[in-house]
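Here the numbering used here is used: position 210 in the sequence shown is 452, and no number is missing along the way.
For glycine and all other residues, C-beta sits at the position ideal for the given N, C-alpha and C.
As structure tokens, the structure follows; a few thoughts come after it.
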Amino acid sequence: MTGRIVVVGAGVAGVTAAQTLRREGYTGEIVLVGAEHALPYRRPTVSKDLLAGAVALERALLKPAKFWADGDIDLRVATRVDELDVERGEVRLSTGEVLGYDSLLLATGARSRAVATDSRRVHTLRGLADVAALRAAIVDGGSLLVVGGGLIGCEVAATARGLGAQVTLLEAGPALLERIVPAAVSAVVADLHRGHGVRIEHGVSATLTDTAATADTAGGVTATAADGRSWTAAAALVAIGAEPDTALAEAAGLAVNDGIVVDQHYRTSAPGVFAAGDVATGFDPLRGEFARGQHWNGAMSDGAAAARAMLGHEVPPVEVPWGWSDQYGVSLQFAGCVHPHDELVVAGDLAAHDGTVLALRDGRPVGAVAVGRPRDVRALRPVIAAGEPWAGGSLLETVAAR
Numbered sequence: 243m244t245g246r247i248v249v250v251g252a253g254v255a256g257v258t259a260a261q262t263l264r265r266e267g268y269t270g271e272i273v274l275v276g277a278e279h280a281l282p283y284r285r286p287t288v289s290k291d292l293l294a295g296a297v298a299l300e301r302a303l304l305k306p307a308k309f310w311a312d313g314d315i316d317l318r319v320a321t322r323v324d325e326l327d328v329e330r331g332e333v334r335l336s337t338g339e340v341l342g343y344d345s346l347l348l349a350t351g352a353r354s355r356a357v358a359t360d361s362r363r364v365h366t367l368r369g370l371a372d373v374a375a376l377r378a379a380i381v382d383g384g385s386l387l388v389v390g391g392g393l394i395g396c397e398v399a400a401t402a403r404g405l406g407a408q409v410t411l412l413e414a415g416p417a418l419l420e421r422i423v424p425a426a427v428s429a430v431v432a433d434l435h436r437g438h439g440v441r442i443e444h445g446v447s448a449t450l451t452d453t454a455a456t457a458d459t460a461g462g463v464t465a466t467a468a469d470g471r472s473w474t475a476a477a478a479l480v481a482i483g484a485e486p487d488t489a490l491a492e493a494a495g496l497a498v499n500d501g502i503v504v505d506q507h508y509r510t511s512a513p514g515v516f517a518a519g520d521v522a523t524g525f526d527p528l529r530g531e532f533a534r535g536q537h538w539n540g541a542m543s544d545g546a547a548a549a550r551a552m553l554g555h556e557v558p559p560v561e562v563p564w565g566w567s568d569q570y571g572v573s574l575q576f577a578g579c580v581h582p583h584d585e586l587v588v589a590g591d592l593a594a595h596d597g598t599v600l601a602l603r604d605g606r607p608v609g610a611v612a613v614g615r616p617r618d619v620r621a622l623r624p625v626i627a628a629g630e631p632w633a634g635g636s637l638l639e640t641v642a643a644r
């Protein structure tokens, strides 16, 4: 199969798609366009190893530099796609070059939600370009406000404590990580952070303002809640989620609804245009609704499946979404979709960071979370995917049987 396929976005979805196209026998031209200045890298390291300074960028790269030439993949870094013309089948690059395509994959990912402030002391963290400034603020300032208790907020809080900073974590909801773990696991994560000196405040929707320097202080950022409570630190990280980067798709007239709408073959509303990864919203059979994946592993499997679809090859069933985190050396893995009212089956000792939770809805497994037991989630993903009624018995025996 010849021609040209353009992949817009050099995150893990785009990179995996480009690799899969070659692996599946595509012999035409592949152009992989990435807006970031660095070679494609492992984004999960941004809030952990890269921010901590524990690894060099070279160790976080998805592939070494020579891989792209050896694989006959035309990688364009520091390059944006400024315009998509679906009628002509062309994209205009920030370099001014116009590229025609036979098929196009949009893998533009997501961007951090921000708050209304022009303070240079307020940071977001989505990519490599954000790391140096945030790390300097943590190390030089010695204190950090983290606004948002999701994965990024919790991981940065742990990393900042490892760098010696005082950390206050402000969460609008009643629990940390409440979108992905049940209350029992959220409480364990909160205790883990408190045990390492993080101050946690719940029910806080804060306004951020700069605090002027005085004779006794260097100035900083103050977060003020609606009830008048306030907290001050040298800098702040806003980690209140991410929004799909749909600007290019919207300008081109594609159907968008909290992401670029795709069918089961990753096709958008425009002929020859596909979408995958964090930017795409498709039907999730586990949830029974349209949803966006927002985790690394899902973006990887999406990229591979979309590439197969672009070549007309069989597309595998949607995988049970899963992800992981590491905070203070404690591993947290999760799969599926856990709701607050799900029935829970617990094995082990969560408080001792050695336990697993299986969530049941209408008697069927729909999600799993493991603290310190990564093997358990790997074993339970097929159980969740099968969707069969839970027969009861020992959760540990079920895991062992896998």
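- Taking 3 residues as the shortest admissible run, the region 323-350 contains the following complete beta strand (DSSP E) segments, listed from N- to C-terminal end: 323-327, 332-335, 340-342 and 345-348.
- In this structure, the beta-carbon distance from V248 to V333 falls below 9 Å.
- In this structure the region 309-329 does not lie against the region 475-486, because fewer than three pairs of beta carbons, one per stretch, are closer than 8 Å.
- Separation of V580 and A633 (C-alpha to C-alpha, rounded to the nearest whole angstrom) is 19 Å.
- Annotation: G545 to A518 spans about 6 Å, alpha carbon to alpha carbon.
- Annotated as distal: A407 and G437, with beta-carbon spacing of 9 Å or more.
- For the region 448-530, the full-length beta strand (DSSP E) segments reaching 3 residues or more read 448-453, 462-467, 472-475, 477-480, 484-486, 515-517 and 522-526 along the chain.
- Residues V249, L347, G545, A548 and A549 of the same chain have their beta carbon placed closer than 6 Å to that of A259, with the five preceding and five following residues left out of the count.
- Remark: C-beta atoms of G590 and D596 approach each other more closely than 9 Å.
- Here L386 is bridged, per DSSP, to V409 and A477.
- Apart from the 5 residues on each side of it in sequence, Q536 sits with its Cβ closer than 8 Å to the Cβ of A352, A484 and D520 in its chain, given in chain order.
- Here DSSP, grouped into helix, strand and coil, assigns S361 to coil.
- With contacts defined by Cβ atoms closer than 9 Å, Y508 and M542 do not form a contacting pair.
- Burial is judged here by how many other beta carbons sit within 10 angstroms of a residue's own beta carbon; E531 has fewer than 16 and is exposed.
- By the neighbour-count criterion, in which 16 or more other beta carbons inside 10 Å mark a residue as buried, E397 falls on the buried side.
- Fewer than three Cβ pairs drawn from the region 490-500 and the region 369-384 lie within less than 8 Å of each other, which leaves the two stretches out of contact.
- Going by beta carbons, S385 and T401 fall outside the 9 Å limit.
- When C-alpha distances from A477 are compared across T453, E271, A468 and W566, the shortest belongs to T453.
- Between the alpha carbons of A512 and A601 lies a distance of about 38 Å.
- When secondary structure is reduced to three states using DSSP, A577 falls in the strand class.
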